[in-house]
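Before any comments, here is the structure.
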Amino acid sequence: MSDTPVRSALTDDELAALDAHWRAANYLAVGQIYLMANPLLARPLVPEDIKPRLLGHWGTSPGLNLVHTHLNRVIKARDLSALCVWGPGHGGPAVLAN
């Protein structure tokens, strides 16, 4: 006999919420990397909105945001106390987005 609890699949609403969180975090991360003005896209982007020197790396951000999104779900679902430790570097915008 196993003591492992039976887990059910995520509902469509839970999946939609996770996807929305992930997309929002990606939006914040990409804005931190590339934009110095007009982050809400209140008007069409112009070259002056873009940073002259990019800090961070977009390729790192979606993966870190995906990990954060699911960690947040598990922490909330199981009432866990957790601390994420990320190293310095290109993932900074993703960490700040969460």
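Numbering-wise (this note's numbering), the sequence shown opens with residue 934 and increments by one.
Note that beta-carbon positions come from the ideal geometry of N, C-alpha and C, so glycine has one too.
Going along the chain, which residues of its own chain have a beta-carbon closer than 7 Å to the beta-carbon of residue i, five neighbours each way excluded?
i        : result
Ile-1008 : Ala-1015
Looking only at its chain, what residues have a beta carbon closer than 8 Å to the beta carbon of residue i, apart from the 5 residues adjacent to it on each side?
i       : result
Leu-951 : Leu-943, Thr-1002, His-1003 and Arg-1006
Among the options, which one has its Cα closest to the Cα of residue i?
i        : options                                : result
Pro-985  : Val-1028, Asp-936, Leu-997 and Tyr-967 : Tyr-967
Leu-973  : Asp-1012, Leu-1013 and Ala-957         : Ala-957
Ala-962  : Val-979, Pro-938, Gly-996 and Cys-1017 : Gly-996
Ala-1030 : Thr-937, Asp-946, Gly-964 and Glu-947  : Gly-964
His-1023 : Cys-1017, Thr-937, Leu-987 and His-954 : Leu-987
Contact defined as beta carbons within less than 8 Å: I believe residue i pairs with residue j. What is the distance between those atoms, to the nearest angstrom?
i       : j        : result
Gly-989 : Gly-1025 : 6 Å
Could you name each continuous alpha helix (DSSP H) segment of 4 residues or more that falls completely within the stretch 937-1016, going from the start of the chain to the end?
945-967 and 994-1011
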